[in-house]
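Counting along the sequence shown from 1, when you hit position 206 you're at 463 in my numbering, and nothing is skipped either side.
Built from N, CA and C at the ideal position, the CB exists for glycine as well.
Everything below concerns the one structure shown next.
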Amino acid sequence: MKKSIYRTLGLVIAGVAFFILPYVFSPYGFPELLQLGTNPHERSNLVSTVLIVAFFYLSYFVLIPRFFFPKKYVVFAGLSFMAFLCIVGTFPREDFKRERPRQEKFSRSWVMPSGEEKNLPPPQEFWEKPPLDFALSQKLFMFLLALFLSLSLRINDRWQQSEQDRLQTELSYLKAQINPHFLFNTLNSIYSLAIEKSDATADAIVQLSSFMRYVIRDAQNDLVPLKKELDYIEQYVALQKIRLDDTVQLQYSNQGQASQQKIAPLLLISFIENAFKYGVNPEGRSEIIIRVRVDEHQLRLFVFNQKVRLVPSDENAGGIGLRNTKARLELLYPDRHDLQIQDTENTFTIELTLKL
């Protein structure tokens, strides 16, 4: 939305600039507009300026998309040349000549010494007859400027759109990886409960259905309410608590209140999953700390876990989910996040600050 507003504003500014530039570089400036009622040349000049502005918008919205991008360069050049001829046609040759006020050669109060006149150069008639080439060159310059500026803006728009499409494709791929990864980890948790014949297995399956509803319905959007994302995390932590025993000391806190903030879906869950994946081992004691703090325009996430699960040599403590989330952060919040990861021999800590 903001990009569309900026683009529209840029086009308006460009049109205004094309209108005022001829008067900025004119020897007489904007007072020439006062002569519209009496000077036919000024009326023709105004009409040609308006036509150049119209050509700028015609080129941007019609000629470039329909002829230049489809590589119909001959048609594009021909139509542009015809437009220039129409602009030049508004300037009759005789209107280029204009009488300028001439300055007196010498001050009346100053008298040249006798005999010195022969040493002076002959007086020149400045601005008496401006050349026709100057007016044509000015219009040609403005026309080419309008042409190249419209081309530059259109090419830039096309590049930004292709870049946005590429990022959207990459984000869709990353999101497609997150969903089965989440399901795999959650099913592992329920499987652990089923092996132990826990009475909480049925409740865990009900929670799984709630998770899947969120993933299938809400997480397909580009942004979701922050409250829904935090509720999803809280439910996930509650599911993990069901299967944990006394060997794991779990601390979870959520400070602040989410109101109207939005966030990319499934952006934080990988950090939480990572802690339970590598920080839980029935044969050893461990500690997991999860802290969420929400301010008006900022979210802070702190996740700490002790490493009690053996990590294979070809796998780091992050796994695919964490790598995926780091890539999404770079794409979605390139200048709006700070991610600090401390990976030691026995602990793994994540501190994320995100501008909402």
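When DSSP states are grouped into helix, strand and coil, Val-537 belongs to the coil group. Within the same chain, and ignoring the five residues on either side of Ile-546 in sequence, the residues whose Cβ sits closer than 6 Å to its Cβ are Gln-508, Phe-561. Ranked by Cα distance from Thr-604, the options Lys-534, Lys-583, Val-551, Arg-411 are led by Lys-534. Runs of alpha helix (DSSP H) with 4 or more residues, each lying fully within the segment 324-353, are found at 330-345, listed in chain order. In terms of CA proximity to Asp-456, Ile-499 leads the group Phe-405, Ile-499, Gln-492. Shown here, Gln-477 sits in coil according to DSSP, grouped into three states, outside any helix or strand. According to the DSSP assignment, Phe-468 belongs to the alpha helix (DSSP H) that extends over 458-470. Going by C-alpha positions, Tyr-317 is about 23 Å away from Asn-302.
Short of 6 Å from the beta carbon of Leu-308, and not among the five residues preceding or following it, lie these beta carbons of its own chain, in chain order: Ile-344. The residues Gly-272, Phe-275, Phe-276, Ala-403, in chain order, have a CB closer than 8 Å to that of Val-310 in the same chain once the five nearest residues on each side in sequence are set aside. For Lys-498, the secondary structure class from DSSP, reduced to helix, strand or coil, is helix.
Residue pairing of Lys-612 in beta bridges, as defined by DSSP: Gln-555. Collapsing the DSSP output to three states places Asn-562 in a strand. In the DSSP secondary-structure assignment, Thr-606 is bridged to Phe-561, Gln-599. Below 8 Å, too few C-beta pairs join the segment 463-472 and the segment 409-421 to call them touching: fewer than three. A contact between stretches requires three or more CB pairs, one per stretch, nearer than 8 Å, and the segment 480-490 fails this requirement with the segment 537-544. The C-beta of Lys-396 has 16 or more other C-beta atoms within 10 Å across all chains shown, which makes the residue buried. Going by beta carbons, Arg-550 and Gln-512 fall inside the 8 Å limit. By the criterion of a C-beta distance shorter than 8 Å, Leu-268 is surrounded in its chain by Tyr-314, Tyr-317, Leu-410, once the five residues flanking it on both sides are discounted. DSSP links Val-304 through a beta bridge to no other residue. About 7 Å separates the CB atoms of Val-537 and Leu-501; that is less than 8 Å, so the two are in contact.
Only residues of its own chain outside the window of five on either side were considered, and among them Thr-458, Ala-461, Ile-462, Leu-465 have a CB closer than 7 Å to the CB of Ile-447, listed in chain order. Annotation: the continuous beta strand (DSSP E) that includes Gln-508 extends over 505-512. When DSSP states are grouped into helix, strand and coil, Ser-543 belongs to the strand group. Here Ser-419 is exposed, its C-beta having fewer than 16 other C-beta atoms within 10 Å. Straight through space, the alpha carbons of Leu-609 and Lys-583 are spaced by roughly 11 Å.
For Arg-593, the secondary structure class from DSSP, reduced to helix, strand or coil, is coil. DSSP places Lys-396 within a helical segment (H, G or I) once states are collapsed to three.
Contact between Gln-555 and Lys-612 holds, since their C-beta atoms are separated by about 6 Å, short of 8 Å. The distance from the Cβ of Ser-527 to that of Leu-480 is about 18 Å, inconsistent with a contact at the 8 Å cut-off.
The bridge partners DSSP lists for Arg-550 are Gln-512, Arg-557. Each of Lys-328, Leu-450, Pro-327 was checked against the Cα of Leu-496, and the nearest Cα belongs to Leu-450.
The straight-line gap separating the alpha-carbon atoms of Leu-278 and Lys-328 is approximately 31 Å. Ranked by Cα distance from Ile-598, the first of Asn-531, Leu-336, Tyr-590 is Asn-531.
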